[in-house]
């Protein structure tokens, strides 16, 4: 998909109801349409957070006159759960209590509040508990695909969790090889899983926050965008972009490493390889919020 195709497709994803339509019309998987919609909406929510926050007094007055929360979200072009967050904090509801309501709206005693928050949760495919869990599971699934591919090829590597246990690195890729491998004709030291679509904005952000630091710490590596990436992108030296087709084409690491993943302790002591257990599931508390929301929470302490 080139930049013009991506821009046209993204511009037609204005609401959750457009996801299936765009998927059919463009002949793409529904999951990809949902991912592109999610990326567009989360960026817009971040960019417009303070604009909507500055209007929350007027929005609250409309709510008090009986206008529903999902209708207010539609008028504001803002995710329903995030608008509810701003609205009810403005009305004095503690932040922690709000997220408890989002998790379990059926426990809310006030009839209108229960109805409005239930409606916002049902309408929001991104910031609702269900939307957030889908994003987390997509990320876990991408890592499982990567780890299974490496395990089947008897590649010895350390996971991000293992590396964090070492407490030696400020940045940690999903898989760091115990010795460099030849993959796709390139000598690489690590692989990173991205269970999203690599458009220009996403790739630039990943390069700055993760990928370039990985190269400085560990050397060249591969990042896989499981749902594809914009054609014509030229990443910096030391970084190779691939998508799911790379794994279907039978590329294999060239080396004779020991099998399996290893713990931080085993890596330090030269012990036997050990397969790390699955990452623990974390109960939903609140979604991955736009940076302005997180900054507000840190500043106010509520």
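Numbering (the numbering used here), first residue to last: 1 to 302. For every residue, glycine included, the Cβ atom is placed at its ideal position computed from N, Cα and C. Every value quoted in this text rests on a predicted model; they were computed, and no experiment measured them.
With 16 other CB atoms within 10 Å as the buried threshold, where does residue i fall?
i           : result
residue 5   : exposed
residue 156 : buried
residue 181 : buried
residue 111 : exposed
residue 84  : buried
residue 162 : buried
residue 373 : With the chain represented from 1 up to 302, any question about residue 373 goes unanswered, as that position is not in the structure.
residue 262 : Residue placement at residue 262 cannot be trusted, given a pLDDT of 41 that sits under 50; what the coordinates show is reported in the next sentence. Buried.
residue 173 : buried
residue 135 : buried
residue 89  : buried
residue 38  : buried
residue 214 : buried
residue 2   : exposed
residue 54  : exposed
residue 201 : exposed
residue 52  : buried
residue 94  : exposed
residue 275 : Reliability of the predicted coordinates at residue 275 is poor, the pLDDT of 31 falling under 50, and no value is obtained from them.
residue 66  : exposed
Give me the DSSP bridge partner(s) of residue i.
i           : result
residue 202 : Beta-bridge pairing links residue 202 to no other residue.
residue 243 : 225
residue 183 : 186
residue 193 : 224
Sort the options by Cα distance to residue i and report the nearest one.
i           : options               : result
residue 175 : 165, 186, 198 and 146 : 146
residue 129 : 80, 36 and 18         : 80
residue 177 : 52, 153 and 115       : 153
residue 69  : 87, 54 and 55         : 87
residue 183 : 169, 160, 150 and 171 : 150
residue 189 : 165, 19 and 217       : 217
residue 15  : 28, 42, 164 and 170   : 42
residue 315 : 148, 196 and 108      : With the chain represented from 1 up to 302, any question about residue 315 goes unanswered, as that position is not in the structure.
residue 209 : 171, 114, 104 and 102 : 171
Considering only their Cβ atoms, is the gap separating residue j from residue i smaller than 8 Å?
i           : j           : result
residue 246 : residue 224 : yes
residue 198 : residue 229 : yes
residue 40  : residue 76  : no
residue 179 : residue 226 : no
residue 131 : residue 125 : yes
residue 122 : residue 91  : no
residue 221 : residue 239 : yes
residue 13  : residue 36  : yes
residue 82  : residue 45  : yes
residue 33  : residue 19  : yes
Rounded C-beta distance between residue i and residue j? I'm assuming under 8 Å.
i           : j           : result
residue 211 : residue 192 : 7 Å
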